[in-house]
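Colleague:
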Amino acid sequence: MKRTLISVSVAAALALSFPTLAASERGMDSDTGFLDEAMQFGGHVGTSLEYEDKVTDGFNGDKKKEKTTTHEVFGVYYNNARWNLSALYGLKLENREQRNPGYHENEDGIKHLFSLNKGFDLGNGWATGAIYELEYTRSKVFSPYVSGLRKELAEHSFRPYLTYFNNEHNWGFYSNLEYLYSSEDKSAWGERTEEGYSLLFKPYKRFGNWELGVELYYQIKDNEDRSSSGSINEISDFNEKYIEPIVQYSFDDAGVLYARVRVGENETNNAANSGGGNANVDYFKDIRKATLGYEQAVGDNWLLKGEYEYANEVEEKSKLAGWEAKNESELKQHTVYLQALYRF
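Residues -22 to -1, 1 to 322 in mature numbering (1 follows the signal peptide of the UniProt record, and there is no 0) are what the sequence shown lists, from first letter to last.
(1) Identify every residue that forms a DSSP beta bridge with lysine 295.
(2) With DSSP collapsed to three states, give me the class of serine 8.
(3) Determine which residues share a DSSP beta bridge with proline 79 and list them.
(4) Mapping the DSSP letters down to three states, classify tryptophan 301 as helix, strand or coil.
(5) So the beta strand (DSSP E) valine 119 belongs to, where does it begin and stop?
(6) Does the pairing of the stretch 245 to 253 with the stretch 207 to 221 give three or more beta-carbon distances under 8 Å?
(7) Are at least three pairs of beta-carbons, each pair with one atom in the stretch 39 to 51 and one in the stretch 73 to 93, less than 8 Å apart?
(8) Residue ranges of each beta strand (DSSP E) run of no fewer than 3 residues wholly in the stretch 152 to 183, ordered along the chain?
(9) Once DSSP output is grouped into helix, strand and coil, what is the label at aspartate 31?
(10) In three-state DSSP terms, what is residue 350?
(11) Which value, in whole angstroms, describes the spacing of the CA atoms of tyrosine 67 and phenylalanine 185?
(12) So, under 8 Å CB-CB, tyrosine 272 and glycine 233 are touching, yes? Tell me the CB distance rounded to an integer number of Å.
(13) In whole angstroms, give me the CA-to-CA distance for alanine 303 and phenylalanine 37.
(14) Have a look at aspartate 278 and histidine 22 and give me their C-alpha separation to the nearest angstrom.
(15) Just the Cα atoms here: how many angstroms apart are aspartate 99 and arginine 60?
(16) Rounded to the nearest angstrom, how far is the Cβ of alanine 105 from that of proline 138, given a contact under 8 Å?
(17) How far does the beta strand (DSSP E) with phenylalanine 52 in it extend, from its first residue to its last?
(18) With respect to the beta strand (DSSP E) encompassing phenylalanine 318, which residues constitute its N-terminal and C-terminal limits?
(19) Quick one: residues in its chain with C-beta nearer than 8 Å to the C-beta of proline 122, no 5 flanking neighbours on either side, listed in chain order?
(20) Closer than 8 Å by C-beta to arginine 4: which residues in its own chain qualify, once you throw out the five before and the five after it? Chain order, please.
(21) In angstroms, rounded to a whole number, what distance separates the CA positions of valine 124 and serine 205?
(22) Give me the DSSP bridge partner(s) of leucine 71.
(23) So, for arginine 128: in the same chain, excluding its five sequence neighbours on each side, which residues have a beta-carbon less than 7 Å away from its beta-carbon?
(24) So, with DSSP's three-state summary, where would you put leucine -2?
(25) Would you mind sorting phenylalanine 229 into buried or exposed? The rule is 16 or more other CB atoms within 10 Å of its CB.
(26) Give me, in chain order, the residues of the same chain whose beta-carbon lies closer than 6 Å to that of glutamate 130; leave out the 5 immediate sequence neighbours on both sides.
(27) Would you check if the distance between the CB atom of lysine 310 and the CB atom of tyrosine 261 is smaller than 8 Å?
(28) Per DSSP, which residues does tryptophan 149 bridge with? Please list them.
(29) With DSSP collapsed to three states, give me the class of glycine 277.
(30) In the DSSP assignment, find the unbroken beta strand (DSSP E) run with glutamate 201 in it and report its ends.
(31) Measuring alpha carbon to alpha carbon, tell me which of Tyr286, Ala268, Glu189 and Ala318 ends up nearest histidine 147.
(32) Mapping the DSSP letters down to three states, classify tyrosine 286 as helix, strand or coil.
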């Protein structure tokens, strides 16, 4: 699951955590029916478009070029302040084009995102809750070797969270512990599962129109990939950590400008029975990523957002395979994201 999706959930949890809690903790009102309370909600509907262009200069000396376009055809967000409950659904179309020397691959898919967030007020600025998220993708791959190979991917995330905000000093934090599990059926290409945990902590401080924060993240994960015959392609463990300072400025005309810079690293350790020349091979990756974004309220109901992201990742490995030319693989990635929301 993309980290940007988690960032959206973090923002939603923060929005739930403070102003709406006092009303929500009353629970069901004996004078108000369930349907009446369910209809006391806010939210938004919207659409988005993301374009991703990346080039990987691989260990074999060849350059792999990928272009991915993701169009959120429809997204709807429901927020019930009385119940301190929110839900999100998004329907997306995704197209990926890959070009290598002597090889090409296209993948077309439909993606469904479901998210449910229930919060609880603890008083004195404290709040807690849990988010469950499912991203389900069905796609087909076309290449010189397969025509319409079917893939199914289900990514589950469960995140209990704890937040705090001090109104007097204008500072707070968001934190969550995450359990994640994904299962991918790649038809003739086999199956892959990933299971792990992550920890996120994000303190922030407001100074008038400015907000400064930093996101600290750590993840561990076990990976298993098998061919359609059941033989092992990969058995590995993975860990990642990063620090991401965030600067945000809110204009008086309801516009928000923000910037984030991520510095991190991850490591993949393959077991002795991993295939593909990866037995007992370790991978080490340095991550550098910068994001600049702006969002603007238009009128009473519309919100427009634009974001640009640049990423550079350099990877090394503990041992080269016989067909590899150099011990460095470098990825350069440009991503543009546009979103329009109608709030109600």
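Idealized CB from N, CA, C, for every residue including glycine.
Modeller: The answer reads as follows:
(1) Tyr261
(2) Note that serine 8 scores 46 on pLDDT, short of 50, meaning its location in the model is unreliable and no value can be drawn from it.
(3) Proline 79 is not bridged to any residue.
(4) coil
(5) 104 to 120
(6) Flag = yes, the stretch 245 to 253 and the stretch 207 to 221 touch.
(7) yes
(8) none
(9) strand
(10) Since the first and last residues shown for the chain are -22 and 322, residue 350 lies out of range.
(11) 34 Å
(12) Contact flag correct, Cβ pair sits at about 7 Å.
(13) Going by the C-alpha atoms only, they are around 6 Å apart.
(14) 12 Å
(15) Going by the C-alpha atoms only, they are around 12 Å apart.
(16) That belief does not hold up - the Cβ atoms of alanine 105 and proline 138 are roughly 12 Å apart, past 8 Å.
(17) 41 to 58
(18) A small correction: the amino acid at residue 318 is alanine; phenylalanine does not occupy that position in the sequence shown. Element bounds for alanine 318: 307 to 321.
(19) Excluding positions up to five away in sequence, the list reads Tyr81 and His82.
(20) Any reading at arginine 4 must be qualified, since the residue scores a pLDDT of 39, below 50, and its modelled position is unreliable; the value itself is stated next. Taken in chain order, the residues that qualify are Arg60.
(21) One C-alpha to the other measures close to 15 Å.
(22) His49 and Ile88
(23) Lys118 and Ser165
(24) Its pLDDT being 35, under 50, leucine -2 is placed unreliably by the model, and the measurement read from it follows with that caveat. Helix, per DSSP.
(25) exposed
(26) Arg116 and Asp163
(27) no
(28) Asn144 and Lys183
(29) In this structure, glycine 277 counts as coil in the three-state DSSP scheme.
(30) In the sequence as displayed, the identity of residue 201 is asparagine instead of glutamate. Per DSSP, asparagine 201 belongs to the beta strand (DSSP E) from 188 to 204.
(31) Glu189
(32) strand
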